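Worksheet: one structure, shown below.
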Amino acid sequence: MTTAVPAPNSEAVPTDTPLVGIIMGSQSDLKIMTAAAELLRQFGVPYELTLVSAHRTPHRLVEYAETARKRGLRVLIAGGGGAAHLPGMVASFTTLPVIGVPINSATSIHGLDSILSMLQMPAGVPVATVALDGATNAAVLATQMLALSNARLQDALEKYRTSLKDKVMRTIEELRKGGLNDD
Numbered sequence: 001m002t003t004a005v006p007a008p009n010s011e012a013v014p015t016d017t018p019l020v021g022i023i024m025g026s027q028s029d030l031k032i033m034t035a036a037a038e039l040l041r042q043f044g045v046p047y048e049l050t051l052v053s054a055h056r057t058p059h060r061l062v063e064y065a066e067t068a069r070k071r072g073l074r075v076l077i078a079g080g081g082g083a084a085h086l087p088g089m090v091a092s093f094t095t096l097p098v099i100g101v102p103i104n105s106a107t108s109i110h111g112l113d114s115i116l117s118m119l120q121m122p123a124g125v126p127v128a129t130v131a132l133d134g135a136t137n138a139a140v141l142a143t144q145m146l147a148l149s150n151a152r153l154q155d156a157l158e159k160y161r162t163s164l165k166d167k168v169m170r171t172i173e174e175l176r177k178g179g180l181n182d183d
């Protein structure tokens, strides 16, 4: 599945070219990784979303990583559970930034195995790792990287942060007035 959302003012690439690649090792990871896609869509960042298995489709992994830059991608978000080799292997075949999303899968050791496989990368092959099931933060981090040269995205991030603050302030006000409803 490939989705592209136009990004006004994207520098150096056509607006229909995905800037972020969201990949995962299996369909079971999709439930977590769609959070990254949803937030990128809100920010107006064009992305693609697909499966690339380090274990079942290793040749696809190599091709995906080696052609990512030529296809216009600027950041890769790779999610995986269990052994979670996908982010590290992708990072070994590209110099693009790779953000790893460890996923707490049914076969993992409470997600610890995926976290450690992403954190403990050898020198020179980094994977920026977010929290367990942290696809939302992966999208924020990818957008921050793109915003270094894109004023529209800088503004979108500022508005996003303000909305998070406003939500907390509304909750504080509701607590002052006597409590929150459970809905």
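In full-length UniProt numbering, the protein residues as written are 1 to 183. Backbone N, C-alpha and C define an ideal beta-carbon position, used for all residues, glycine too. The structure presented is a predicted model; accordingly, all values stated were derived computationally and were not measured.
Are there three or more Cβ pairs, one per stretch, closer than 8 Å when the stretch 64-71 is compared with the stretch 166-179? Because the criterion of three Cβ pairs below 8 Å is not met, the stretch 64-71 and the stretch 166-179 do not touch.
Nearest to HIS59 by CA position, among LEU146, VAL90, ASP29, is which residue? The shortest Cα separation from HIS59 among LEU146, VAL90, ASP29 belongs to VAL90.
Does the stretch 165-173 come into contact with the stretch 126-140, if we say contact requires no fewer than three beta-carbon pairs (one atom in each stretch) closer than 8 Å? No, they do not touch.
Bounding residues of the alpha helix (DSSP H) (the contiguous stretch that carries PRO87): Note, PRO87: alpha helix (DSSP H), 86-92.
Buried or exposed: which applies to GLY79, given that a residue is buried once 16 or more other Cβ atoms fall within 10 Å of its Cβ? Buried.
What residues in its chain sit with their C-beta under 6 Å from that of LEU141, if we drop five residues either side in the sequence? Excluding positions up to five away in sequence, the list reads ILE99.
Straight-line CA distance for ALA12 to LEU51? At ALA12, the pLDDT of 38 sits below 50, so the modelled position is not reliable and the matter cannot be decided from this model.
Tell me the residue span of the beta strand (DSSP E) that contains MET24. Per DSSP, MET24 is one residue of the beta strand (DSSP E) stretching across 20-24.
Of all the options SER26, PHE43, ARG41, ALA35, which has the alpha carbon lying nearest to the alpha carbon of GLY81? Of the listed residues, the one whose Cα sits closest to GLY81 is SER26.
Thinking C-alpha only, which one of VAL75, PHE43, LEU30, ILE23 is nearest ALA54? Comparing Cα positions, the closest option is ILE23.
Apart from the five residues on each side of it in sequence, which residues of its chain come closer than 8 Å, Cβ to Cβ, to VAL125? So the qualifying residues of the chain are GLY88, ALA91, SER92.
Helix, strand or coil at LEU76 [DSSP, three-state]: DSSP places LEU76 in strand when its eight states are reduced to three.
CB contact flag (LEU119, LEU96, <8 Å): The Cβ-Cβ distance between LEU119 and LEU96 does not fall below 8 Å.
Considering only the beta carbon of each residue, do THR143 and VAL62 sit closer than 8 Å? Taking C-beta atoms as the reference points, THR143 and VAL62 fail to come closer than 8 Å.
Provide the residue(s) that pair with THR129 in DSSP beta bridges, ordered along the chain. THR129 is bridged by DSSP to GLY100.
With burial defined as no fewer than 16 other Cβ atoms inside 10 Å of the residue's Cβ, what is the status of PRO102: buried or exposed? It is buried - the Cβ of PRO102 has at least 16 other Cβ atoms within 10 Å.
Nonlocal neighbours in the same chain, by C-beta distance under 8 Å from ALA128, ignoring five residues either side: Sequence-distant Cβ neighbours of ALA128 in its own chain, meaning closer than 8 Å and more than five residues away, are PRO97, VAL98, ILE99, GLY100, LEU141.
ALA37 and LEU49 closer than 8 Å at C-beta: Taking 8 Å as the Cβ cut-off, ALA37 and LEU49 qualify as a contacting pair.
Using 10 angstroms around the beta-carbon of ASP16, count the other beta-carbons present and answer buried if the total reaches 16, otherwise exposed. Label assigned to ASP16: exposed.
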